[in-house]
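What follows is one structure encoded as structure tokens, with my remarks underneath.
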Amino acid sequence: MKAVRIHDKGDIRIEELEAPTLALAPGKVLLTGGYTGICGSDLHLYFAPETFPWDFSTPAKLTGATWPQILGHEFSGQVAAVGDGVGSLRPGDRVAVFPYHYCGECPACRTGRYTSCFSTAFEGIQGQSGGMAQVKIVDADQCFVLPDTVDLRLGALVEPMAVAWHGVALSAPGAGAAVVVGGGPIGVGAYFALKARGVETVVVSEPSAGRRAVLAALGAQHVVDPASESLVDRVRDLTGGAGADVAIDCAGVPQAFPDALQSLGLGGRMVIVAAYEKPIEINANLLFGDKSIRTSAVYTREDFAAVIEAMGRGLYRTDGGWIETVGFEDVDTALQNLRAGKGMKVLVETP
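Counting the sequence shown from 1 gives a position; the working numbering is that position plus 1.
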């Protein structure tokens, strides 16, 4: 089978590998086809793996995996075969894969916060099978069946959209107004999630003209260029001076942080979904008025299911020019382009 594997920093290869056997172990599922999303984490793996807290030459605690590793943790596929004991899936089912492994035993897991597991691992990073392979073996409980109305392209977007959904869920939005800082793929996901949860007014702040155009094409009515317009003033105008109920930080840009806080009304809640490359200073006075800040880590199984349900209702879209589809042979170029700021979201089609 063909697969895209990462061997070291800046070293990915399209390789012919022995396909996993159809004689599956109990509880396992064999997948073929589908799509795999390229994530910001993949850029870090390729260009700066040293930024991860793991030694990729040492077997991962949960999976035993080392590099080289088949890339891709955002992926979908079609069930080709199932192992003994798998009663919930059958050949032909189309699924999105929950790629996150957690131990179930550490203090985080024991208190129900498995999104912060001390021994986490992801398919495509330290897992048994990343998405960029013609044949993939995963656990049955990692597979979420897609409804007939959700295609495999959307299926590959469930994982990043669940990242955004988790942050939005933690913010506990009402029906009023919300702010999204950053209009990249996760920001788009936050916009979709807020609308799916019934938020009437969503204001997105995004400096890129191209991304603002995408958001407008996807239905966003209130998109602000922070370089030429005040986010705070726009939110105040739209809310009669009350401010937003929630703000979702999907940018990780220090300059945008105070604007997001100031756009909140009394009791407003800000959730940080983005990762900041460097420490930032926070003016605590901006939190007066019972405002709060919290962080969000990955997603839960419930978030995965909620995104798929919303997709089934037609609340997520792949039009608007934010999705590009490429083949295995173009993965290296796609990584280079994304690093250079060209494009938004790339899906890799399995041949």
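Cβ coordinates follow ideal geometry from the N, Cα and C atoms, glycine included.
The structure displayed is predicted, hence computed values, not measured ones.
Contacting residues, own chain, Cβ-Cβ under 6 Å from residue i (five flanking each side not counted)
i: residue 162; result: 190 and 308
i: residue 73; result: 37, 125, 131, 132 and 133
i: residue 200; result: 174 and 179
For residue j and residue i, the rounded distance between their alpha carbons
i: residue 250; j: residue 164; result: 12 Å
i: residue 102; j: residue 63; result: 7 Å
i: residue 172; j: residue 178; result: 12 Å
i: residue 313; j: residue 86; result: 28 Å
i: residue 184; j: residue 299; result: 18 Å
i: residue 153; j: residue 241; result: 42 Å
i: residue 196; j: residue 188; result: 12 Å
i: residue 272; j: residue 19; result: 44 Å
i: residue 291; j: residue 283; result: 16 Å
Whether residue i touches residue j by CB criterion (8 Å)
i: residue 351; j: residue 84; result: no
i: residue 2; j: residue 143; result: no
i: residue 315; j: residue 158; result: no
i: residue 89; j: residue 141; result: yes
i: residue 219; j: residue 340; result: no
i: residue 253; j: residue 221; result: no
i: residue 285; j: residue 180; result: no
i: residue 168; j: residue 264; result: no
i: residue 16; j: residue 6; result: yes
i: residue 216; j: residue 225; result: no
i: residue 138; j: residue 31; result: yes
i: residue 227; j: residue 208; result: yes
Spatial neighbours of residue i in its chain, beta-carbon cut-off 8 Å, leaving aside the 5 residues before and after
i: residue 58; result: 67 and 68
Residues near residue i in its chain [Cβ-Cβ closer than 7 Å; skip 5 each side]
i: residue 281; result: 255 and 258
Three Cβ pairs or more, each shorter than 8 Å: is that satisfied between the region 63 to 70 and the region 123 to 135? yes
Taking three-plus beta-carbon pairs below 8 Å as touching, is the region 232 to 241 in contact with the region 194 to 213? yes
Minimum length 4: unbroken alpha helix (DSSP H) runs contained in the region 179 to 222: 186 to 197 and 210 to 218
Whole beta strand (DSSP E) runs in the region 127 to 184 with 3 or more residues, listed along the chain? 136 to 140, 144 to 146 and 178 to 182
Quick one: complete beta strand (DSSP E) runs, 3+ long, within the region 276 to 337? List check, beta strand (DSSP E) in window: 293 to 296 and 324 to 327.
Stretch pair the region 324 to 341 + the region 289 to 305: three plus CB contacts closer than 8 Å: The region 324 to 341 and the region 289 to 305 do not touch, with fewer than 3 CB-CB distances between them shorter than 8 Å.
Alpha helix (DSSP H) segments (min. 4 residues) lying fully within the region 61 to 126: 108 to 111
Evaluate the contact criterion for the region 94 to 113 versus the region 38 to 47: three or more CB pairs, one atom per stretch, below 8 Å. no
In the region 233 to 267, which residue ranges form an unbroken alpha helix (DSSP H) of at least 4 residues, counting only runs that do not cross its ends? 258 to 263
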